[in-house]
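Residue numbers (UniProt numbering), protein chains in the order written: chain A, 1 to 406; chain B, 1 to 406.
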């Protein structure tokens, strides 16, 4: 069994086990650091106006499943290779139902109508003039982490890659709704995308706290696959509600019962009924290092690293077990711990070289604790597809290989 | 003169002046939003595994001055087109003295020696095993904002583009120094890069609070132009000290008096002496919208937007003047306000259509207030090149054109 290290300074014993480390006077078999390496012997190149990762960095999104037709794809973020809490825009997960529309931003319009006093048609220039906000939030597809079909060779990109985290900038929806004047009796809003499936979802007005009409992500304007030039962004709610390529908002007195909230995005319960309108993404966490497909080189010090998040506010804590749940240790949370945002957790740990099972369990500021798979199945049965936030684990073999732990 | 809007809700008068807005039942000359636009009529494309900005988004870095030779370049970040506080990695400013070395990360080594008990040679795998931290910080070249040579057609990219802000992940330098054991008498550290100029700088050990051996930026591994695979990152200090392509750290008892801290990166004072070792980047701010080269379309509501930062901790407040400094209004600071990080400020404002002069003035949590150019010149003279943090302004013509304000 691994030893959870009580004291962050305990890693100081690391030095003796560093495979590549040696006294600075030691010799290295290859052209070593005390030589002048070839790249120091000549002037380097310059970078392009808009830069790219270096040639040795190969992180990429890929479809989680073969798409049934080209535009219906869900690509996953390589969480195993990311650090901190941000996802670069080029690696943010995608979910398209009809591909990415090639929108001319000068011709794009947002229509706001229904139970409002002053219906409006807005250009992107109009929207950019409104007062803006910028906030760091995660976005998670409710279909993240498949309930069934787990494979031993799963990576965390396979199991949890339908989530990403970014800084979103735009106009608070409440600002726009104040501008148009919501009328008495209004209770729901319909959001419609300009993609070829005209993706539509209904959201209750009272679930729109912090909602943003977003036009920028991590500083720059939205990427085409994230809704360029405008998307709805609903912090903490299932990703599908954050309608991309937003072209229309209609205020009404009841849900609009669209295809994507009746035949899809409902949770089939044990009694055969379907639970509709499950909006909030509950507290969840996953260990990203060590994680599936990785290989520990040798026993000794390793930092267990992972991500936690909750749609209900801030993460209050994350516990980590290295013995399959027999004992738990409190992980360090990297600040700032922001609401409805990724929180990076870390735990110093010494691997003794035997088999282990690593688990993480998040809790949020409401007191909610991420459930075990058994507890979740007891309520939800095994016919669910969406909203799996169960505790998740990795097996560590005596050879240091990391695989999915059932 | 413009009217600073006392009340954020006052923008509600915006609707009447929206150029593109109309009642939702109104007609538009072109194919309008109530029609189905062409991009909604067909399935869209899919995105590449590592995404790029859309074809209509053209933000790019460019050299601030023609480089004296190809590898000696300073490229500037397009602050006028960015939102929030983050800079995408592809747009982070660069400063190279000998181009970008093409380093093989498997062959790269970090040597730590000098006044230490246990000198070490570390591989990148070794460094990735140490306990890590992730922090959001700005990085500013001390040569940002030229003292002389201002031009009326300056954009904020020209005047302030040698600054960016990102999430940096790596090993705290204090962790590594504890590992090697700093010996009595140690007071300075030399950092050396693996580029063709072997960039070297000396930093006092007591100025290293929060220093990171950084290997990741905004989630992913460093870009080649930012020091891949490893750089020093010194929060709040002049950018040149954050040695890229870090290959060596040597602990000593005094500064090493390298070329870049004697003939360069010193401040020529009015009496002809040179001030050496000016490390901290003091509080500074700039308005990014409206800013040089932009054009206000019409009088009415506009949000003044800008960035503020200080190497000494957190920004405490930003004042904005729209009348050339005769009166000042307190801007709204977007949270979270983090130490040694960009802070976005915003101020609702109604432009009445006449000429105006827009200024911003930051203060930090130490009580320090960003000085006027006159106050700064009184101390520093006019022979300085580095460390210009003076209050900066934009002129707004009666035609809505924005230009540099002397």
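For glycine and all other residues, C-beta sits at the position ideal for the given N, C-alpha and C.
With a minimum length of 3 residues, the unbroken runs of beta strand (DSSP E) contained wholly in the segment 330–381 of chain A fall at 343–351, 356–364. For residue 104 of chain B, at least one C-beta of chain A is nearer than 9 Å to its own C-beta. The alpha-carbon of residue 126 of chain B is positioned some 27 Å away from that of residue 160 of chain A. Here residue 266 of chain B has 274, 275, 276 as same chain residues with Cβ atoms under 7 Å from its own Cβ, once five neighbours each way along the sequence are excluded. Contacts with chain A at 9 Å (Cβ-Cβ) include residue 41 of chain B. For residue 243 of chain B against residue 311 of chain B, the beta-carbon gap comes to about 17 Å, at or over 8 Å, which does not count as contact.
Nearest Cα to residue 218 of chain B within the set A:81, A:286, A:322, A:213: A:81.
Neighbours of residue 134 of chain A across chain B, judged by C-beta separation under 7 Å: 83, 84, 85, 334, 344. Between residue 305 of chain B and residue 289 of chain B, the gap from beta carbon to beta carbon is short of 9 Å. Counted as a single uninterrupted DSSP element, the alpha helix (DSSP H) harbouring residue 178 of chain A occupies residues 173–180.
Look at the beta carbons and you see the segment 202–215 of chain B touching the segment 227–236 of chain B: at least three pairs across the two are nearer than 8 Å.
Rounded to whole angstroms, the gap between the alpha carbons of residue 247 of chain A and residue 190 of chain A is 11 Å. Within chain A, the residues whose beta carbon sits less than 7 Å from that of residue 100 of chain B are 44, 45, 46, 47, listed in sequence order. Close CB contacts of residue 354 of chain A within its chain, under the 6 Å cut and outside five residues either way in sequence, are with 398 (chain order). Comparing alpha carbon positions, the residue from B:363, B:342, B:299 closest to residue 330 of chain B is B:363.
The beta carbon of residue 64 of chain B sits closer than 6 Å to the beta carbons of 74, 76 from its chain, once the five residues preceding and following it are set aside; these are given in chain order. Under the Cβ criterion of 9 Å, residue 130 of chain A is counted among the residues facing chain B. For the 9 Å CB-CB criterion, residue 241 of chain B and residue 279 of chain B form a contact.
In this structure, the alpha-carbon of residue 99 of chain A lies about 55 Å from that of residue 113 of chain B. For residue 51 of chain B, the neighbours in chain A by C-beta distance under 7 Å run, in chain order, 89, 90, 223, 225.
Assignment of residue 36 of chain A by DSSP, reduced to helix, strand and coil, places it in the coil class. Just so you know, the alpha carbons of residue 357 of chain B and residue 367 of chain B end up roughly 26 Å apart.
Its Cα nearest to that of residue 173 of chain A, the residue A:208 stands out among A:154, A:164, A:208. For residue 217 of chain A, the uninterrupted beta strand (DSSP E) run begins and ends at 212–217, by DSSP. In terms of Cβ geometry, residue 245 of chain B and residue 403 of chain B do not form a close pair [threshold 9 Å]. Proximity to residue 377 of chain A across A:351, A:349, A:268 peaks at A:268, based on C-alpha coordinates. Considering only B:237, B:72, B:68, the residue with the shortest C-alpha distance to residue 47 of chain A is B:72.
Against chain B, a Cβ distance below 9 Å from residue 76 of chain A picks out nothing, because the smallest value is about 10 Å. Taking 7 Å as the cut-off between beta carbons, the residues of the segment 156–175 of chain B near chain A are 167, 169, in sequence order. When C-beta distances to chain B are compared with 8 Å, the residues of the segment 283–316 of chain A below that value are 297, 301, 302, 303, 305, in chain order.
Going by beta carbons, residue 303 of chain B and residue 221 of chain A fall outside the 9 Å limit.
Interface residue (Cβ-Cβ distance to chain A less than 9 Å): residue 362 of chain B is not classified as such.
Separation of the CB atoms of residue 390 of chain A and residue 371 of chain A is rounded to 6 Å, and the pair is thereby assigned contact status at 8 Å.
Approximately 5 Å separates the beta-carbon atoms of residue 308 of chain A and residue 318 of chain A; this is inside 8 Å, confirming the contact. Within chain A, no residue has its beta carbon less than 7 Å from that of residue 350 of chain B; the closest one is some 12 Å off. Scanning chain A for C-beta atoms nearer than 8 Å to the C-beta of residue 254 of chain B yields nothing, as the closest lies near 21 Å away.
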